[in-house]
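These notes are about the structure you will find just below.
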Amino acid sequence: MTSAARWEHFPHQADIGVRGLGATLAEAFEQAALALTAVITDLAIVEPKEMIQLTCMAPNTELLLVDWLNSLNFEMITRNMLFSRFEVHLEENRLTAQAWGEALEIARHRPAVEVKGATYTALKVAQQSDGGWFAQCVVDV
292 MTSAARWEHF PHQADIGVRG LGATLAEAFE QAALALTAVI TDLAIVEPKE
342 MIQLTCMAPN TELLLVDWLN SLNFEMITRN MLFSRFEVHL EENRLTAQAW
392 GEALEIARHR PAVEVKGATY TALKVAQQSD GGWFAQCVVD V
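The opening position of the sequence shown corresponds to residue 292 in the working numbering, with each subsequent residue numbered one higher.
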């Protein structure tokens with residue numbers, strides 16, 4: 292794996308793994324959030340029209356990743372929105388973030404699945420040998 296910012300999915304039985312990679316831990320969390328949205332729809336058609344703010348706290352970075360993705364998923368469900376741009380700030384075990392997106396339009400976004408939540412399965416947040424970071428877990432669909 293390289294530290295270039297990107298997201299990817301990885302297979303896991305009936306569920307889907309999401310992985311974010313970045314030069315910084317915050318960037319890896321941003322990429323994991325993009326991977327979460329990409330489970331649902333094509334990121335290219337989600338316009339960053341409206342911004343919301345989120346805050347999460349957890350005892351360690353792995354639990355913070357799960358809390359971040361679950362908070363984001365909660366916002367997508369309750370606001371009926373999809374998000375395609377993220378700015379994450381990390382300070383110790385506290386995350387503050389902005390997420391930009393738009394209202395879900397079934398006909399245009401054609402959601403593939405509904406994400407039930409991020410899980411502790413395959414949960415790992417670590418710095419790689421090249422200095423970059425990755426953050427991953429499995430989401431229940």
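Virtual Cβ for every residue (Gly too), placed ideally from N, Cα, C.
Runs of alpha helix (DSSP H) lying entirely within the region 307-388, each at least 4 residues, in chain order: 316-331, 352-370
Cα-Cα separation between R399 and C347, rounded to whole angstroms: 31 Å
Burial state of R310, where buried means 16 or more other Cβ atoms lie within 10 Å: buried
Three-state secondary structure (DSSP) of R401: coil
E405 burial status per 10 Å Cβ neighbour count (16 or more: buried): exposed
Among N384, L312, V337, the one whose alpha carbon lies nearest that of S420: L312
Collapsed DSSP secondary structure at G422 in the structure displayed: coil
Burial state of I397 (16 or more Cβ within 10 Å): exposed
Span of the beta strand (DSSP E) around E299: 297-303
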